[in-house]
Amino acid sequence: MPDTADTAGTAQTAGTADTVGTADRAGTATGGPLLQARGLTKTFRVPRSASGSTRLHALDGVDLTVRRGETLGLVGESGCGKSTLARVLLMLERPDAGTLRYDGVDPFALRGRSLLAWRRRVQMVFQDPFASLNPRMSAGELIAEPWRSHPDLVPRAERERRVHELLEKVGLRAADARRHPQEFSGGQRQRIGIARALALDPEVIVCDEPVSALDLSVQAQVLNVLTELQAELGVAYVFISHDLPVVRHMADRVAVMYLGRVVESGPAEEVFTAPRHPYTASLLSAAPRPPTAQDDGPSRRIVLFGEVPSPTDPPSGCRFRTRCWKAEQVCATAVPADEPAPDGPQHLAACHLPIQPSDRGGSRAAAHE
């Protein structure tokens, strides 16, 4: 089906991260922390594993900060805990330990109308733009549905007009309100999902792989929409993705996860051009790049040996040590603390032996191909 919104005039269609985004970035923080997580831990009960464990360690001591109006990128391989963290931030899961503060308030302590008001402030854009939309409902009904729980937000007489405004804001037509999800393309369906998330005027939107199910040109269109909306509305994003070039383009700051822990975090350009944790360096080196690409990141591919440890029986100390070419005895006996980079206090790495500038571009023992 032709995607009229996805081929409209102002959007870029090159389909690469370097061409995404016709709007100015709004991603700098405009105030103090909006959302803060400290020491979040979450385990799930599972059938007894080969090691005898019945607990899967999804999150282990995660610290995270989201500032107003910024985009925090969350990256890591499958199974590292990104989606579980998103569910905890949305209060869809309760952590076993740790704290979550939103504007200084613990949302898990809220009840009744106070909890309902809080939920309005944090919304989500899902990975699958078809499975997340009810095929029996029209686009207009889907966008207006959140107002059934928050009837005071938009007067009933104004809802049709507001639905039309939201559709136009995400690049669709007001007349599309009468159509059903199966009548739209994938990119258009994701726009409906974004409009639905915006219906409650949130301050934070968690985007869990929002463009992974779309082809490259349509990805660029949807990312443009997100960027333009952030510039206009000042909304903050927690942007979860496997696509490192997209995260580099979208994010102001990046947090890298491995086996339930944040191993590195900091300003996006610092993390991408000068990774300090060996896992981050290996992850970046695995990302496809054009032969002519020039940057300060890993210059040779890093090949990691061994299997990813099971989250039911994670290694002691540093969880990456069983695959790390720099590992020493201390890595097995002590959990590394976050240490700032010498030239960037906001760039943190949880590593006993962080990568130094002299390591980049040089030999990395047997870990290299």
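The opening position of the sequence shown corresponds to residue 276 in the working numbering, with each subsequent residue numbered one higher.
All C-beta atoms in this analysis are idealised placements derived from N, C-alpha and C, irrespective of residue type, glycine included.
For M532, the three-state secondary structure derived from DSSP is strand. Non-local C-beta neighbours of E545 in its own chain, meaning closer than 6 Å and more than five positions away in sequence, comprise G619, H622, ordered along the chain. Around the Cβ of R596, a 10 Å sphere holds 16 or more other Cβ atoms; the residue is buried. The shortest C-alpha to C-alpha distance from L508 to any of A495, I515, L475 is the one to L475. The shortest C-alpha to C-alpha distance from A361 to any of R528, F580, Y554, I480 is the one to I480. Shortest Cα-Cα distance from S324 to any of P584, E603, K601 involves P584.
Across the structure, P370 and A506 are spaced so that their CA atoms are roughly 32 Å apart. Within the segment 392-466, complete beta strand (DSSP E) segments of at least 3 residues are found at 397-400, given in chain order. Judged by beta-carbon spacing, L559 lies beyond the 8 Å limit of I467, meaning their Cβ atoms are not closer than that value.
Partner residues in the beta bridge of L331, as assigned by DSSP, are F319.
Boundaries of the beta strand (DSSP E) harbouring L623: 619-625, taken from the DSSP string. In terms of Cα proximity to R411, the closest of C606, S487, H455, V537 is H455. Scanning F459, E582, V445, R564 for the CA closest to the CA of I469 turns up V445. Per DSSP, the beta bridge partners of A511 are V479. For E582, the closest of E458, P590, R575 by C-alpha to C-alpha distance is P590. At least 8 Å separates the beta-carbon of S358 from that of I577. Linking L491 to V605 through their CA atoms gives a straight-line distance of about 44 Å. Looking at A526, F405, E539, L428, the one whose alpha-carbon comes closest to that of Q465 is F405. Contact check for V529 and C482: beta-carbon distance about 14 Å, past the 8 Å limit, so the pair fails to qualify.
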